[in-house]
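See below for the structure under consideration.
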Amino acid sequence: MVEGADAAAAEDLAGRLWSWSSRWHPGELAWLWRAAGPGVASWRTASWRAGGRTLAWARSTVPGRLDLQVDTAHDGLTPAVLDWFEDGAAGHDLAVTVLERESLLREVLLSRGYSPDVDAPSFLHLRRRLAAASPPAPLPPGYVLRSVVGAQDADARTGLHRAAFATPEPATATYRAVMAHPSYRPALDRFVVAPDGTPAAAALGWLDPRSGVLALEPVGTDPRFRRRGLARACVLAVLGAAVELGATHARVCARDGAADPAPRATYEAVGFRPYARNVRLVRPAR
């Protein structure tokens, strides 16, 4: 075990392991790891390696919360990963989020005293086949849909993300770092500009050439411009560009529930269908 996990190595492992039974898509990790910017320095991370390859990684963004991935050919490492996490979170309630299809990982967690958190927010994984480019969605008069041209658009994309998700992150410099990622493609970063010039909605896609699967992460709309079909237009534009780049399928993770039905409805309206769900397992502090 090595303290500290390399983002690129974690993405490589996610790409090697990708299947519809995997929680992590390499593009999703590319976004989540880099969009955190300087905040990554506060994470606890670790990796397990052999022969120059990463076999497992773990990250705890706040004490007592764990994300992880273990090579399915080396699942005997799972207890070691959990030992590392639990030792570093002594005195805290523990929570580990997994995909419901990760049955072996769930079994190990249950055997260690974790149980499903029935009150946790529900997140669905949805997918659709990309047989052909989707026709563009109509926009309200005066709204313009375009792809990111270059670093000069980092300010617009940063401000839109902050508005859509009510967060102070990322900083413009952080979004430029996202744009510098080897997997980032401007053609898969689309946004709508309102008539007054305000960036109103956006969708960013990450294409894994090994699997042909596109991950949408993130998709968002400034609250002032919701219910106008803007996110749908961005998503369809990204899917169309992805087909031209060789994508065969797309996936997205969305919050599900009566309190916030809009994301699921948006994706289902453009052909996505649920296929799995995240499950949070918890264990009280000991």
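With the first letter of the sequence shown counted as 1, position 98 gets the number 98 in UniProt numbering; the numbers rise by one all the way through. Every residue, glycine too, gets a C-beta built ideally from N, C-alpha and C.
### Endpoints, the alpha helix (DSSP H) within which Val15 is located
One point to set straight first is that residue 15 is Gly, not Val, in the sequence displayed. Counting along the chain, the alpha helix (DSSP H) containing Gly15 begins and ends at Ala7 to Leu17.
### Message
Please report the distance separating the alpha-carbon of Gly240 from that of Asp83.
### Response
44 Å
### Message
At the level of alpha carbons, what is the spacing between Leu281 and Pro136?
### Response
Rounded to the nearest angstrom, the two C-alpha atoms are 41 Å apart.
### Message
Would Leu207 and Leu214 be called neighbours here (beta carbons separated by less than 7 Å)?
### Response
Yes, they are a contact pair.
### Query
Leu104 and Gln69 look like a contact to me (Cβ under 8 Å); what is the Cβ gap, rounded to whole Å?
Contact doesn't hold; Cβ gap of about 12 Å is too wide.
### Query
Beta carbon of Phe85, beta carbon of Leu110: below 7 Å?
no
### Task
Identify whether Gly91 lies in helix, strand or coil by the three-state DSSP scheme.
coil
### Task
Please look up how many angstroms separate the CB atoms of Pro79 and Val108, rounded, as I've assumed it's under 8 Å.
7 Å
#### Entry: Contacts around Leu29, its chain only, beta-carbon distance under 6 Å, and the 5 residues preceding and following it disregarded
Ala10, Glu11 and Ala14
### Task
Can you give me the Cβ contacts of Phe272 inside the same chain, cut-off strictly under 7 Å, excluding the 5 residues immediately before and after it?
Leu126, Arg127, Arg128 and Val252.
### Alpha-carbon to alpha-carbon, Arg23 and Ala237
Roughly 25 Å separates the two Cα atoms.
### Task
Note down, one range per segment and in chain order, each alpha helix (DSSP H) of at least 4 residues found wholly within the UniProt domain "N-acetyltransferase" (143-286).
154-165, 172-179, 230-244 and 262-269
### Task
Return the chain-ordered list of same chain residues with a C-beta closer than 7 Å to the C-beta of Trp43, the five sequence neighbours on each side being excluded.
Arg59, Ser60 and Thr61
#### Entry: Whole beta strand (DSSP E) elements within the segment 40-106, 3-residue minimum
44-50, 53-60, 65-70 and 94-99
### Message
Does Ser115 pass the burial test, meaning 16 or more other C-beta atoms within 10 Å, or should it be called exposed?
### Response
exposed
### Query
Does the separation of the CB atoms of Tyr143 and Val192 fall below 7 Å?
Cβ atoms of Tyr143 and Val192: closer than 7 Å.
### Query
Whose C-beta lies closer than 6 Å to the C-beta of Ser134 among residues of the same chain, with five residues either side of it excluded?
Leu236, Leu239 and Gly240
### Query
Since His125 sits in a beta bridge, which residues does DSSP pair it with?
Cys253 and Ala276
### Query
Is the distance from the Cβ of Asp222 to the Cβ of Ala202 below 7 Å?
no
### Message
If you reduce the DSSP assignment to three classes, tell me which class Val2 lands in.
### Response
strand
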